[in-house]
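Using my numbering, the first residue of the sequence shown is number 287, and each one after it goes up by one.
These notes are about the structure you will find just below.
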Amino acid sequence: MPPTDDIKQRLDLVDLISEFVKLKPAGSNSFKANCPFHREKTPSFYVSREKQIWHCFGCSLGGDHFAFLMQMEGIDFPEALRQLAEKTGLEIQRFSSEGVNRKVRLLKLLDLTARFFHKCLMEAEAAKIARDYLARRGVPAEMTEKFLLGYAPDRWDALLTVLKKHGFSETEMIEAGLVIRREGRSGGYDRFRHRLIFPIADVSGKIVGFTGRLLDEARQEGKYINTPQTLVYNKSQALYGLSLAKQAIKDAGAVILVEGNLDVIASHKAGAAGVVASSGTALTTEQLALLWRFTDTVLVCFDADPAGEQAAKRGIDLALEEGMNVKVIRLQNAKDPDELVVKDPALWRRAIAEATDVMSYYFQRVFATGAPHTASDKKRVGNLLLPEIVRLQNPIERDHWIKELSHRLDVSESILLETMAQQKKNASGSPARREAVSAPLASQPLDRRALLSEEILALIFSRSELREDILNKISADHLSDPYRRLYLFFISRYSVQDNLSTSDKPEQIFFGILRSQFLGEQADLLPLFDRLILQGERNYGEREPRLVRDEGWRMIESLRTLAVRDQRALLTQELRAAEQAGDAGKIQELTKKFTNLT
């Protein structure tokens with residue numbers, strides 16, 4: 287058995303996808319979710335447990351285990367094969383791809399580095415300053431282990447020496463961002479020295495980079511330094527704590543976004559695990575796209591200082607532009623979640639539960655010092671809040687907040703609406719915002735015969751109890767292309783199913799065999815095949831069998847009628863051409879075919 291098939295036998299596709307996406311039942315053997323690969327509010331991403339395939343009806347992506355992991359992680363096939371083989375405990379022959387091997391070695395190097403730093407933190411005498419710092423910040427041993435916190439020794443070559451002993455070259459260390467090349471001299475030196483280390487993992491939990499916090503405030507160095515951009519680390523796509531938070535995010539249906547790594551750790555200590563930090567950078571669209579895979583709701587909580595307020599505003603605006611539902615966590619008598627948890631973990635949990643919608647947050651901030659009385663103050667407040675009201679996509683929400691602002695300012699709604707319209711007009715010259723929800727890929731509308739061909743094939747593929755009867759009632763001539771080609775491909779291999787009657791998973795094995803045989807000229811049919819399987823499960827999976835059967839027979843009769851109509855139209859054209867050419871034999875042949883059709 288090929289290793290790809292062996293992996294699929296060992297690993298349920300639903301279990302694999304559930305590691306990244308919160309799936310909901312959509313029938314006896316199907317599941318659905320909002321697509322992790324494009325913005326949408328209504329689920330169009332479907333997974334078949336019986337057939338072990340997935341497809342999104344919004345963006346048209348689909349495939350098997352490997353296609354999903356490649357798309358989700360942005361990796362190539364050899365790397366997907368390696369990861370899934372590792373997950374299933376399958377030994378496979380190593381690929382010789384230079385790029386894959388290079389990435390694998392960097393990940394091994396980074397994992398070894400994280401464990402070296404962690405060992406130093408736990409055992410080195412010089413790391414007492416780091417252990418004391420964590421104790422002062424209320425970080426228990428359990429969290430130190432969970433987040434694999436570490437200490438970088440106060441030496442120029444501590445890490446470099448260890449990695450060399452394990453067979454890694456200085457070039458690889460430099461590529462991983464751990465060693466800095468000396469200017470004008472050979473060799474390099476450790477990037478992280480005498481710092482508390484926070485390992486940064488990707489969504490699957492692999493260490494890809496580090497943040498180092500200064501421990502000696504007297505040193506004239508940056509408080510935080512981060513791994514630079516590398517083959518495996520891109521700070522605009524990294525979120526601290528995501529691999530440990532993703533299940534809690536899916537369970538809660540929301541993610542908590544905080545400013546610092548210690549805020550993430552404190553939140554875990556308080557029992558709220560669905561939290562991430564933007565990893566030493568302003569929030570990016572790439573990070574939000576990553577979060578979209580797990581939820582469409584974000585709870586923002588940045589530090590209660592001017593810089594934190596500005597960061598929160600940028601994050602809120604960006605999340606709204608990306609079409610996410612946004613709430614704001616307000617902190618009382620604490621500058622950040624870490625400080626609040628030290629006071630009482632229950633206060634942080636309560637703050638999360640009491641997160642307010644964005645407009646309530648803006649109104650609270652603007653009116654914190656009381657209602658404005660002068661015309662200039664009212665104008666200032668209007669200029670602050672009207673642009674935020676304009677952002678609201680729901681007209682009912684906009685109307686509610688216009689009324690609220692009118693009441694608070696003692697200004698008529700018509701004046702506020704006029705001002706808002708003028709602001710929109712002034713802003714019309716600026717670049718248009720990206721649509722919050724991506725539109726499905728454009729496709730040509732199908733004619734009635736093509737639509738029926740689709741639905742009947744979808745029934746054949748998805749309802750095994752009707753398959754034999756439908757196949758006996760139609761022929762290839764009834765179907766339009768490319769459905770005719772797919773039908774012929776299917777029936778040419780249909781007899782394989784007879785040999786699977788003793789299997790406990792006949793459908794999975796049969797359709798797995800079919801998928802593996804889409805080769806050469808037939809390869810273009812595979813996406814259509816996958817889509818129609820899921821289309822059948824989506825459209826008919828939860829309906830009563832008798833009703834599905836009746837609808838199937840009606841569709842077959844309609845398809846036959848349309849097929850005859852199209853064939854007659856074609857024969858009529860050919861007859862005219864034969865008559866113009868004076869071809870008596872051709873006329874007789876076509877007339878006979880025409881008569882047989884009627």
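All residues carry an ideal CB built from backbone N, CA and C; glycine is no exception.
Going by DSSP, what residue range makes up the alpha helix (DSSP H) through S646?
Counting from one through the sequence shown, the residue named residue 646 turns up at place 360. Note, S646: alpha helix (DSSP H), 644–652.
Are the beta-carbon atoms belonging to T290 and L367 less than 9 Å from one another?
What you label residue 290 is simply residue 4 of the sequence shown in a count that begins at 1. What you label residue 367 is simply residue 81 of the sequence shown in a count that begins at 1. Yes. Within cutoff.
Between which two residues does the beta strand (DSSP E) carrying G340 extend?
Along the sequence shown, read from residue 1 onward, the residue named residue 340 stands at position 54. Note on identity: in this sequence residue 340 is Trp, with Gly being the wrong assignment. Looking at the DSSP string, the run of the beta strand (DSSP E) that includes W340 is 339–342.
Of the residues A736, L392, T847, V584, which one's Cα is nearest the Cα of L606?
The residue given as residue 606 occupies position 320 in the sequence shown. Cα-wise, what sits closest to L606 is V584.
Which of the three DSSP states is assigned to G463 in this structure?
To locate residue 463, count along the sequence shown from 1; it is residue 177. In this structure, G463 counts as coil in the three-state DSSP scheme.
Going by DSSP, what residues sit across from F496 in a beta bridge?
Translated into positions along the sequence shown, residue 496 becomes position 210. Answer is P485, bridged to F496.
Are the beta-carbon atoms belonging to A524 and G491 less than 9 Å from one another?
Residue mapping note: residue 524 aligns to position 238 of the sequence shown, counting from 1. Residue mapping note: residue 491 aligns to position 205 of the sequence shown, counting from 1. No, Cβ-Cβ distance for A524 and G491 is not below 9 Å.
Cα-Cα, which of L691, F484, S748, D582 is closest to H324?
Here residue 324 refers to the residue found at position 38 when the sequence shown is read from its first residue. Selected option, being the one with the closest Cα: D582.
Note down, one range per segment and in chain order, each beta strand (DSSP E) of at least 3 residues found wholly within the segment 319–402.
331–334, 339–342
Look up N611 in the DSSP assignment and give the residues it is bridged to.
What you label residue 611 is simply residue 325 of the sequence shown in a count that begins at 1. In the DSSP output, where bridge partners are listed per residue, N611 has T583.
What does the alpha-carbon distance come out to for the pair F815 and L772?
Here residue 815 refers to the residue found at position 529 when the sequence shown is read from its first residue. Here residue 772 refers to the residue found at position 486 when the sequence shown is read from its first residue. Roughly 7 Å between the two C-alpha positions.
What did DSSP end up calling I293 once you bin it into helix, strand or coil?
Numbered from its first residue, the sequence shown carries residue 293 at position 7. Reduced to three states, the DSSP call for I293 is helix.
In three-state DSSP terms, what is F317?
One-based indexing of the sequence shown puts residue 317 at position 31. Correct three-state label for F317: strand.
For D685, does the three-state DSSP call read helix, strand or coil?
On the sequence shown, residue 685 is found 399 positions in, with the first residue counted as 1. In this structure, D685 counts as helix in the three-state DSSP scheme.
Would K532 pass as a contact of F580 if the rule is Cβ separation under 9 Å?
Counted from its first residue, the sequence shown places residue 532 at position 246. Counted from its first residue, the sequence shown places residue 580 at position 294. Yes, the Cβ-Cβ distance between K532 and F580 is below 9 Å.
Could you tell me which residues DSSP puts in a beta bridge with N512?
Translated into positions along the sequence shown, residue 512 becomes position 226. N512 is bridged by DSSP to T497.
On the DSSP letters alone, give me the boundaries of the beta strand (DSSP E) that I760 sits inside.
Counting from 1 along the sequence shown, the entry for residue 760 is found at position 474. Segment: none, I760 is in no beta strand (DSSP E) and carries neither H nor E.
G838 by DSSP, collapsed to three states: which one?
Translated into the one-based positions of the sequence shown, residue 838 becomes position 552. Here G838 sits in helix by DSSP.
Report yes if the C-beta distance between V614 and T655 is below 9 Å; otherwise report no.
By 1-based counting over the sequence shown, the position of residue 614 is 328. By 1-based counting over the sequence shown, the position of residue 655 is 369. Against a cut-off of 9 Å, the Cβ pair of T655 and V614 comes out as no contact.
Please say whether G424 and D624 have beta carbons closer to each other than 9 Å?
Your numbering for residue 624 matches position 338 in the sequence shown. Your numbering for residue 424 matches position 138 in the sequence shown. In this structure, G424 lies closer than 9 Å to D624 by Cβ.
So, under 8 Å CB-CB, A889 and L407 are touching, yes? Tell me the CB distance rounded to an integer number of Å.
This structure does not reach residue 889, given that the chain is present from 287 up to 884, and the question cannot be answered.
Note down, in chain order, each residue of its chain lying with its Cβ closer than 6 Å to the Cβ of F880, except the 5 sequence neighbours on either side.
Position 594 of the sequence shown holds residue 880. These residues qualify, in order along the chain: L857.
For E359, which residues of its own chain have a beta-carbon under 6 Å away from its beta-carbon, when the five flanking residues on both sides are left out?
For the purposes of this step, residue 359 is taken as the residue at position 73 of the sequence shown. Nothing listed; no residue qualifies.
Of all the options A736, H351, I760, which has the alpha carbon lying nearest to the alpha carbon of T374?
As a working mapping, residue 374 is identified with position 88 in the sequence shown. Out of A736, H351, I760, H351 has the C-alpha closest to the C-alpha of T374.
For the segment 504–518 against the segment 442–453, are there 3 or more C-beta pairs whose distance is under 8 Å?
no
Determine the closest residue to S314 out of I303, R666, Y332, with distance taken between C-alpha atoms.
Position 28 of the sequence shown holds residue 314. Of the candidates I303, R666, Y332, the one whose C-alpha sits nearest the C-alpha of S314 is Y332.
Per DSSP, what kind of secondary structure is K308 in: helix, strand or coil?
Here residue 308 corresponds to residue number 22 of the sequence shown, with the count starting at 1. Three-state DSSP puts K308 in coil, outside helix and strand.
What does the alpha-carbon distance come out to for the pair Y526 and Q357?
Position 240 of the sequence shown, counted from the start, is the residue given in the question as residue 526. Position 71 of the sequence shown, counted from the start, is the residue given in the question as residue 357. Straight-line Cα distance between these residues: approximately 21 Å.
Taking T328 as the reference, give the member of S334, G344, R335 with the closest Cα.
For the purposes of this step, residue 328 is identified with residue 42 of the sequence shown, where counting begins at 1. When only C-alpha atoms are compared, the closest one is G344.
Near P514, which residues of its chain fall below 8 Å by C-beta distance, leaving aside the five closest residues on each side in sequence?
Sequence index remark: in the sequence shown, residue 514 carries index 228 (1-based). Here the set comprises G463.
Helix or strand or just coil, what does DSSP make of V697?
Counting from one through the sequence shown, the residue named residue 697 turns up at place 411. Looking at V697 - three-state DSSP - the assignment turns out to be coil, as it is neither helix nor strand.
What residue range is occupied by the uninterrupted beta strand (DSSP E) comprising G668?
Taking the sequence shown and counting its residues from 1, one reaches residue 668 at position 382. Segment 661–677 is the alpha helix (DSSP H) holding G668; no beta strand (DSSP E) there.
Check whether the Cβ atoms of E336 and E683 lie closer than 9 Å to each other.
Mapped onto the sequence shown, residue 336 falls at position 50. Mapped onto the sequence shown, residue 683 falls at position 397. The answer is no: Cβ separation not under 9 Å.
Under DSSP, the beta strand (DSSP E) around L517 begins and ends at which residues?
The residue you call residue 517 lines up with position 231 of the sequence shown. From DSSP, L517 is part of no beta strand (DSSP E); its letter is neither H nor E.
Measuring CB to CB, does S802 end up less than 9 Å from P288?
As a position in the sequence shown, residue 802 is number 516, starting the count at 1. As a position in the sequence shown, residue 288 is number 2, starting the count at 1. P288 sits close to S802, with the two beta carbons spaced by under 9 Å.
If we count the other Cβ atoms within 10 Å of its Cβ and call it buried at 16 or more, is S330 buried or exposed?
Here residue 330 refers to the residue found at position 44 of the sequence shown. That one is buried.
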